[in-house]
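One structure is given below, encoded as C-alpha cells.
There are 2 protein chains.
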Amino acid sequence: MAARAGVSIASASRVLNGIGGSAETVRKVRAAAAEVGYVPNAIARSLQSQRTGLVALAVADIGNPVYVAMMRAIEAVVASSGRQLLVHATGGEVASETALLRRLANRYVDGMIVSPIRITDEHLDAIVVSPVPVVVVGQLPDDAPVDNVRTDSRTGVALAVDHLLAAGRQRIGFVNGPLDTVPGAARDAGFRAALAGHGIPVDERLIEVGDFQYAAGRDAATRLLARADPDALLCANDLIAVGALHALLTEGRRVPQDVALVGMDDTELAQMAFPQLSSVSLGSATRGRRAAELLLERIADPDLPPRREHVAPSLAVRASSIPAVPASGVPAAPASSVPADPAPSVRADPAPSVPAVPAPAPGSRAPRSLTEGRRA
Amino acid sequence: MAARAGVSIASASRVLNGIGGSAETVRKVRAAAAEVGYVPNAIARSLQSQRTGLVALAVADIGNPVYVAMMRAIEAVVASSGRQLLVHATGGEVASETALLRRLANRYVDGMIVSPIRITDEHLDAIVVSPVPVVVVGQLPDDAPVDNVRTDSRTGVALAVDHLLAAGRQRIGFVNGPLDTVPGAARDAGFRAALAGHGIPVDERLIEVGDFQYAAGRDAATRLLARADPDALLCANDLIAVGALHALLTEGRRVPQDVALVGMDDTELAQMAFPQLSSVSLGSATRGRRAAELLLERIADPDLPPRREHVAPSLAVRASSIPAVPASGVPAAPASSVPADPAPSVRADPAPSVPAVPAPAPGSRAPRSLTEGRRA
DNA sequence: TTGTAGGCGTTATCAT
DNA sequence: ATGATAACGCCTACAA
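Take a look at the structure:
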C-alpha cells in the first residue's frame with residue numbers, strides 16, 4: 001500500500017501515525033490507505049512496541065456479582081487508558097491461578113489483576129518472578145513486595161455484628177465460606193472477635209460453612225436452622241445470603257421479624273432480594289478501580305516501590321435487618337416499608353485519571369468494553 | 001539462549017517445539033532454556049503464525065446472568081481448543097458494536113462471537129467485510145451470509161402464554177424490553193400472536209415497556225399494577241421478572257396466588273428468587289456452545305458456507321406460576337411447596353469436540369478461564 | 001521531509 | 001539433524 005501511494009514504507013508509517021509528512025505525501029498515503037482498506041496489524045505493532053494493550057483480570061467466579069462489580073470498575077479504568085480487559089475465571093483453584101501467573105512470562109498481556117481467595121507461596125513466587133506487573137486484590141502477607149489493594153473484612157463482619165446486636169438480636173447465626181480461603185478465614189476470625197468484643201460466647205451450632213455459592217448458602221442455612229434457633233443470620237457474601245433467604249422463607253420464617261439477615265459484598269443481588277438485604281460493603285468497585293489504577297501506574301513506571309492500599313468497609317442497612325414495626329394486622333405484607341438504602345455505602349466513583357497507553361490507536365475512537373453505556 | 005546452548009537458533013526452536021533434534025541437542029537446549037528462564041514470546045509467535053489464540057465475545061450487559069451462562073458455555077469450548085476468551089460489553093450500543101467489529105481488521109483476535117440486541121446494516125456490513133470470522137447469536141435477516149445461532153423467542157413467549165392460560169389465568173400482563181431491539185420486538189409480536197391464537201383481544205394497558213434491567217422491570221411492573229389488574233405477569237427476561245416480583249411483593253400481592261409470574265432466559269436468578277420463577281429457557285448455554293463451535297470450525301476452514309442453527313425454547317415451570325393449593329389457613333407461608341424444577345429445561349451439555357488450535361502451547365497445561373472448576 | 005535498513009522473537013524453508 | 005536465512009508487519013534511528 002506504500003507502493004500504491006508511491007512513497008516509502010517509512011513515510012507511510014509516519015503519516016499513519018500522524019508524525020510529520022508533507023501535505024502532498026499525507027494526501028497520497030491517506031488515499032492509498034482508504035483505497036486498499038488498509039488497517040494496521042495489531043500483532044506486528046505489539047511485537048515492535050512490546051505492548052499488547054491488553055490487561056488481564058483473574059477472579060474465581062465470573063457469576064458472582066461482586067466480581068461483576070469489580071470487573072466493571074476495572075474495565076472503566078482500563079478502557080480509559082485505551083487498553084482492553086481479558087477476563088479469566090479460575091474457580092478459585094490455586095493451580096489454575098499460578099498457571100495463569102506463570103504464563104504472564106509469555107507477555108500476552110501488559111499486566112494482570114488477580115483476586116485469589118486462596119494465596120500460596122506459589123502465587124507470591126510467580127508474581128515476584130513475573131516480568132509483567134501484577135496487582136493483587138485481597139489480603140497478602142505483610143512483607144510481600146506486591147502491589148495490593150485490600151479491605152478489612154474482619155472489621156466488616158464487626159459492623160454487621162454490632163448492628164444486629166444493637167437491633168436487639170441475641171442469637172446470631174453465621175454462614176461462612178470455606179475456612180481454607182483467605183476471606184473465609186478472615187470472616188470467621190472477625191465473627192468470633194466481634195462476639196468476644198461484646199462478651200458473648202461463641203455457640204458453634206450457630207456457625208455453618210459451605211462454599212461461596214447460592215446453593216451452598218441455602219443448604220448451610222437449612223442445616224443451621226434445623227439445629228439452632230437464630231434470630232439473625234450473617235452470611236459471608238450476598239450469594240450465600242440470598243440462599244439463606246430462600247431457606248428462611250421456605251421454613252416459614254419471616255425476615256426480618258423472626259430472623260434478621262445480613263449479607264456481605266453489597267452487590268446488586270442484595271437490592272434485588274425481597275426484602276432487600278442489608279449487606280456489608282467491602283468496596284469492591286473501589287478496590288477494583290484502585291487496583292486498575294495501581295496497575296496502570298506500574299506499567300508506566302515499573303520502578304515504583306510496592307504499594308498497599310486499604311478500602312474501608314461500611315454497612316448498608318436495608319429492610320432485611322430493620323426491626324419490623326409492631327403492626328399486628330395484615331400478616332400478608334412480609335416486610336416493613338422502610339426508606340431503603342440509607343446508603344452509607346453509596347459512593348460516586350469519580351472519573352479516574354490514569355496514565356494512558358503511550359501510543360493510542362490512531363483513527364476511530366476505541367470501543368469501550370464491559371461497562372460503557374451499560375443500560376440499554 | 002540458543003547461543004548459550006551452543007546451537008543454532010533454528011535448532012533451539014525445533015527442540016522447544018518438540019520437532020526432532022538429537023538427544024544431545026535436546027539436552028543442551030533444555031538446559032540452556034532452564035538456565036536462562038526462557039519463555040517463548042506469545043506476540044512474536046502470533047506474528048509468525050498469524051493467529052493470536054484469542055477469541056472475542058461481545059455482549060450487551062456483562063451483569064445479566066443470561067450472558068454469564070452463555071459466556072461460560074462459550075468459554076468451555078474456546079478453552080478446550082487451547083484459546084482464550086476476551087469479553088467485551090457493549091451496552092447494547094450499535095456504535096460500540098460496529099466499532100468493535102471494524103477493529104477486527106486489526107486481527108487482534110482470531111474470531112468473534114457477537115450477540116447484539118439491535119442489528120443494523122452497519123453490523124452486517126462490518127461482519128461481511130471482516131477478515132476474521134464472526135458468529136452472531138441472535139436473529140438475523142434471512143439472506144445475511146453470516147454464521148448464526150438463534151432461538152425463537154416468539155415461540156418461547158407462546159409457551160409461557162399457553163401455560164398461564166392453561167393454569168386458568170385470564171389477564172396476562174406483559175413487561176417487555178425496548179421495542180426497537182430484536183428480542184423486544186420479537187417478544188412483543190409473540191405475545192400478541194399468542195393471545196390472538198387463543199382468541200383473546202390485546203389489552204394495551206396490560207403491556208408495559210422498560211429496558212432489560214432489574215430496576216426497569218420493577219418500575220414497569222409497578223406502573224402496570226397501578227393501572228391494570230393482572231392475574232399473571234410475563235416478563236421479557238429474568239432480570240425484569242425479579243424486578244416485577246419485587247414490585248408485586250411490595251404491593252402485597254401473593255405470588256402465585258394473586259399473580260402468577262413467568263420470566264424468560266431461565267437463568268440462575270430464576271432459581272434464586274423466592275418463590276422460584278418459572279422461566280422460558282431460550283437455551284442460552286446451548287446457543288453459546290454452538291456459536292463457539294461454529295466459530296472454531298470456521299476458523300479452521302474459512303471456506304465453509306454460512307450456517308444457521310436453531311435452538312428450541314422450552315419452559316421451566318416453577319413455583320411462581322403453579323396454582324396454589326387451596327389451603328385456607330396459614331397466610332404466612334408465601335408459596336405452595338411444589339417439587340421445584342420439573343426441569344424441562346435442564347440439559348447436560350456434553351463435552352464439546354472441536355478443532356483445536358493448530359500449535360498448542362508447549363509446556364504446562366494451559367489454564368482455563370471463566371468457567372473451569374467454578375465451584376470453589 | 002524522505003528513503004534505507006535494521007530489528008522486534010518466532011517459525012519455516014532450504015541447503016548442507 | 002542442523003544451520004543460515006527469509007519472512008511476519010511494523011516502527012525508528014540514521015542518512016540522504
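In order, the protein sequence lines correspond to chains P and W. Residue numbering for the first sequence follows the UniProt record's numbering, beginning at 1 and increasing consecutively. Residue numbering for the second sequence follows the UniProt record's numbering, beginning at 1 and increasing consecutively. Every residue, glycine too, gets a C-beta built ideally from N, C-alpha and C. Computed from a prediction, not measured in an experiment: that's the story for all the values here.
For this session: Name, in chain order, the residues that DSSP records as bridge partners for residue 208 of chain P.
Result: In the first sequence, the residue the question calls residue 208 of chain P occupies position 208. Bridge partners of residue 208 of chain P: P:175.
Exercise. Are the C-beta atoms of residue 59 of chain P and some chain W residue less than 7 Å apart?
Worked result: Residue 59 of chain P sits at position 59 when you count from the first residue of the first sequence. So no, residue 59 of chain P is outside the interface.
Exercise. According to the neighbour-count rule (16 or more other Cβ atoms, all chains shown, within 10 Å of its Cβ), is residue 301 of chain W buried or exposed?
Worked result: Sequence index remark: in the second sequence, residue 301 of chain W carries index 301 (1-based). Label assigned to residue 301 of chain W: exposed.
Problem set entry | CB contact below 7 Å: residue 322 of chain W versus chain P | Stepping through the second sequence from its first residue, residue 322 of chain W is reached at position 322. Contact with chain P is absent for residue 322 of chain W, since none of that chain's Cβ atoms lies less than 7 Å from the residue's Cβ.
Exercise. Cβ of residue 246 of chain W less than 7 Å from any chain P Cβ?
Worked result: Position 246 of the second sequence, counting from 1, holds the residue named residue 246 of chain W. It does: the Cβ of residue 246 of chain W has a partner Cβ on chain P nearer than 7 Å.
Exercise. Since residue 104 of chain P and residue 85 of chain P are thought to touch, with beta carbons under 8 Å apart, how far apart are those beta carbons, to the nearest angstrom?
Worked result: Within the first sequence, residue 104 of chain P is the residue found at index 104, counting from 1. Within the first sequence, residue 85 of chain P is the residue found at index 85, counting from 1. 15 Å between Cβ atoms; not a contact.
Exercise. Would you call the segment 232 to 246 of chain P and the segment 182 to 196 of chain P touching, i.e. three or more CB-CB distances under 8 Å?
Worked result: The answer is yes - the segment 182 to 196 of chain P touches the segment 232 to 246 of chain P, with three or more Cβ pairs under 8 Å.
Problem set entry | Span separating the alpha-carbon of residue 265 of chain P from that of residue 66 of chain P | Counting from 1 along the first sequence, the entry for residue 265 of chain P is found at position 265. Counting from 1 along the first sequence, the entry for residue 66 of chain P is found at position 66. Computed Cα separation, rounded: 6 Å.
Exercise. Can you round the beta-carbon distance between residue 136 of chain W and residue 146 of chain W to whole angstroms, since I take them to be within the 8 Å contact cut?
Worked result: Position 136 of the second sequence, counting from 1, holds the residue named residue 136 of chain W. Position 146 of the second sequence, counting from 1, holds the residue named residue 146 of chain W. Correct: roughly 6 Å between the Cβ atoms.
For this session: State the start and end residues of the unbroken beta strand (DSSP E) segment that holds residue 135 of chain P.
Result: Stepping through the first sequence from its first residue, residue 135 of chain P is reached at position 135. Annotation for residue 135 of chain P: the continuous beta strand (DSSP E) segment containing it runs 134 to 137.
Exercise. Which residues, in order along the segment 37 to 49 of chain P, keep a beta-carbon less than 7 Å from a beta-carbon of chain W?
Worked result: So the close ones are 39, 40, 41, 42, 43, 44, 46 and 47.
Exercise. From residue 123 of chain W to residue 244 of chain P, what does the alpha carbon distance come to, in whole angstroms?
Worked result: By one-based count along the second sequence, residue 123 of chain W stands at place 123. By one-based count along the first sequence, residue 244 of chain P stands at place 244. Whole-angstrom Cα-Cα distance: 44 Å.
Exercise. Straight-line CA distance for residue 99 of chain W to residue 94 of chain P?
Worked result: On the second sequence, residue 99 of chain W is found 99 positions in, with the first residue counted as 1. On the first sequence, residue 94 of chain P is found 94 positions in, with the first residue counted as 1. Approximately 37 Å, taken between the alpha carbons.
Exercise. Is DSSP giving residue 84 of chain W helix, strand or coil here?
Worked result: Working through the second sequence from its first residue, we reach residue 84 of chain W at position 84. Residue 84 of chain W carries a strand assignment under DSSP once its states are collapsed to helix, strand and coil.
For this session: Mind checking who residue 278 of chain P pairs with in its DSSP beta bridge?
Result: Start at 1 with the first residue of the first sequence, and residue 278 of chain P comes out as number 278. In the DSSP assignment, the residues bridged to residue 278 of chain P are P:262.
Exercise. For residue 112 of chain W, which residues does DSSP report across the bridge?
Worked result: For this step, residue 112 of chain W is matched to residue 112 along the second sequence. BP columns for residue 112 of chain W point to W:56 and W:134.
Exercise. By the criterion of Cβ-Cβ separation under 9 Å, what are the contact partners of residue 106 of chain W in chain P?
Worked result: In the second sequence, residue 106 of chain W corresponds to position 106, counting from 1. Against chain P, a Cβ distance below 9 Å from residue 106 of chain W picks out 39, 40, 41, 42, 43, 45 and 361.
Exercise. Is the Cβ of residue 174 of chain P closer than 7 Å to any Cβ of chain W?
Worked result: Counting from one through the first sequence, the residue named residue 174 of chain P turns up at place 174. No - not a single Cβ of chain W is within 7 Å of the one on residue 174 of chain P.
For this session: Using three-state DSSP, classify residue 315 of chain W as helix, strand or coil.
Result: For this step, residue 315 of chain W is matched to residue 315 along the second sequence. In the three-state scheme derived from DSSP, where H, G and I count as helix and E and B as strand, residue 315 of chain W is classed as strand.
Problem set entry | Outcome for residue 176 of chain W when other beta-carbon atoms lying within 10 angstroms are tallied against a minimum of 16 | Counting from one through the second sequence, the residue named residue 176 of chain W turns up at place 176. Its Cβ being crowded by 16 or more others within 10 Å, residue 176 of chain W is buried.
Exercise. Is the beta carbon of residue 47 of chain P less than 7 Å from the beta carbon of residue 43 of chain W?
Worked result: Translated into the one-based positions of the first sequence, residue 47 of chain P becomes position 47. Translated into the one-based positions of the second sequence, residue 43 of chain W becomes position 43. Contact flag set, yes.
For this session: Pull out every residue of the segment 76 to 89 of chain W whose Cβ sits closer than 8 Å to any Cβ of chain P, in chain order.
Result: Of all residues in the segment 76 to 89 of chain W, 84, 85, 86, 87, 88 and 89 have a Cβ within less than 8 Å of some Cβ in chain P.
Exercise. How would you label residue 120 of chain P, buried or exposed, when you count the other beta carbons within 10 angstroms and need 16 or more for buried?
Worked result: To locate residue 120 of chain P, count along the first sequence from 1; it is residue 120. Exposed: under 16 other Cβ atoms inside 10 Å.
Exercise. When the cut-off is 7 Å and only beta carbons count, does residue 339 of chain P lie next to chain W?
Worked result: Position 339 of the first sequence, counting from 1, holds the residue named residue 339 of chain P. For residue 339 of chain P, the predicted model reports a pLDDT of 36, less than 50, meaning its position is unreliable; a value from the coordinates is still stated below. No, its Cβ sits nowhere closer than 7 Å to a Cβ of chain W.
Exercise. Taking 7 Å as the CB-CB cut-off, is residue 153 of chain P touching chain W?
Worked result: On the first sequence, residue 153 of chain P is found 153 positions in, with the first residue counted as 1. So no, residue 153 of chain P is outside the interface.
For this session: Run down chain P in chain order and give the residues with a C-beta less than 7 Å from the C-beta of residue 370 of chain W.
Result: The residue given as residue 370 of chain W occupies position 370 in the second sequence. Within chain P, the residues 62, 87, 88 and 89 have their CB atoms less than 7 Å from the CB of residue 370 of chain W, given in chain order.
Exercise. Which ranges would you report for the beta strand (DSSP E) in the segment 217 to 268 of chain W if only whole runs of at least 3 residues count?
Worked result: List check, beta strand (DSSP E) in window: 232 to 235 and 260 to 264.
Exercise. Does the Cβ of residue 17 of chain P have 16 or more other Cβ atoms within 10 Å, making it buried, or fewer, making it exposed?
Worked result: For the purposes of this step, residue 17 of chain P is identified with residue 17 of the first sequence, where counting begins at 1. Looking at its Cβ environment, which holds fewer than 16 other Cβ atoms inside 10 Å, residue 17 of chain P is exposed.
Exercise. Skipping 5 residues on each side, what residues in its chain have a beta carbon closer than 6 Å to that of residue 156 of chain P?
Worked result: The count along the first sequence starts at 1 and reaches residue 156 of chain P at position 156. Same-chain partners within the cutoff: 280, 282 and 313.
Exercise. What does DSSP give as the partner residues of residue 89 of chain P in its beta bridges?
Worked result: As a position in the first sequence, residue 89 of chain P is number 89, starting the count at 1. As computed with DSSP, residue 89 of chain P is found in a beta bridge with P:59.
Exercise. Alpha carbon to alpha carbon, what distance is there between residue 108 of chain W and residue 252 of chain W?
Worked result: The count along the second sequence starts at 1 and reaches residue 252 of chain W at position 252. The count along the second sequence starts at 1 and reaches residue 108 of chain W at position 108. When rounded, the distance between both Cα atoms is 53 Å.
Exercise. For residue 10 of chain P, which three-state DSSP category applies?
Worked result: As a position in the first sequence, residue 10 of chain P is number 10, starting the count at 1. Correct three-state label for residue 10 of chain P: helix.
Exercise. DSSP three-state call for residue 151 of chain P: helix, strand or coil?
Worked result: Reading the first sequence from its first residue, position 151 is the one you call residue 151 of chain P. Residue 151 of chain P sits in a strand when the DSSP states are folded into three classes.
Exercise. Comparing alpha-carbon positions, which option in P:2, P:219 and P:205 lies nearest residue 211 of chain P?
Worked result: Locating residue 211 of chain P in the first sequence gives position 211, counting from the first residue. In terms of CA proximity to residue 211 of chain P, P:219 leads the group P:2, P:219 and P:205.
For this session: Could you check the C-alpha separation between residue 178 of chain P and residue 256 of chain P for me, to the nearest Å?
Result: Numbered from its first residue, the first sequence carries residue 178 of chain P at position 178. Numbered from its first residue, the first sequence carries residue 256 of chain P at position 256. Distance between residue 178 of chain P and residue 256 of chain P, taken at the CA atoms: about 26 Å.
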